[in-house]
Structure formats: structure tokens, C-alpha cells
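In short: position in the sequence shown from 1, add 24, done, that's this note's numbering. No residue lacks a Cβ here, since even glycine has one placed at the ideal position from N, Cα and C.
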Amino acid sequence: MSCPFCRSLDLAVRNFGTGKTRQFHVNCHNCGADGPLADGTTEAWALWNERPNEPQRGDGTPPHHSN
Ligand SMILES: [Zn+2]
Numbered sequence: 025m026s027c028p029f030c031r032s033l034d035l036a037v038r039n040f041g042t043g044k045t046r047q048f049h050v051n052c053h054n055c056g057a058d059g060p061l062a063d064g065t066t067e068a069w070a071l072w073n074e075r076p077n078e079p080q081r082g083d084g085t086p087p088h089h090s091n
């Protein structure tokens, strides 16, 4: 899978907190895009793949522009 914003493959799951408060999200190392927070790595990837292709901080070339 690749980043929907910059098409980079340099993605990783990062986690925050500890124990029951730990949350995960996918982060793109290339453009800095962050995926939705989830309770686990599997969910984090699922949410990342489900998210709409909306412009975010990145290189300024969103894949789609709906108007
Ligand atoms: Zn990216």
C-alpha cells in the first residue's frame, strides 16, 4: 500500500500512550500525513485504507479535486 497523498511507500504505524490508552495510527514519513487513530495496528491500516483522498499537508498535489 502507498500514501494516497504523495504515493510514498515509506509508511509506518506509530503508537501513543501505554496500556489501555495506547492508540495507533499510520504515518507517512515522506509527506507527514497521519492516518486516523485506532486501537491496534490492524485497525490503523484499515482506517488508513478507508480514508477518503482528501488534501492534507503534503506536497500540494492531492490525487483528486472534487468541486
Ligand atoms: Zn505521504
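{"Item": "Would you list the residues whose beta-carbon is nearer than 5 angstroms to any heavy atom of ligand 1, in the order they occur in the chain?", "Value": "CYS27, PHE29, CYS30, SER32, CYS52, ASN54, CYS55, ALA57"}
{"Item": "Can you tell me the Cβ-Cβ gap for PHE40 and THR65, rounded? I've got them flagged as a contact below 8 angstroms.", "Value": "The Cβ separation is near 13 angstroms, so there is no contact."}
{"Item": "Identify every residue that forms a DSSP beta bridge with ARG38.", "Value": "HIS49"}
{"Item": "Using alpha carbons as the reference points, say which of LYS44, THR45, ALA57 lies closest to LEU33.", "Value": "ALA57"}
{"Item": "Under the three-state reduction of DSSP, which class applies to LEU33: helix, strand or coil?", "Value": "coil"}
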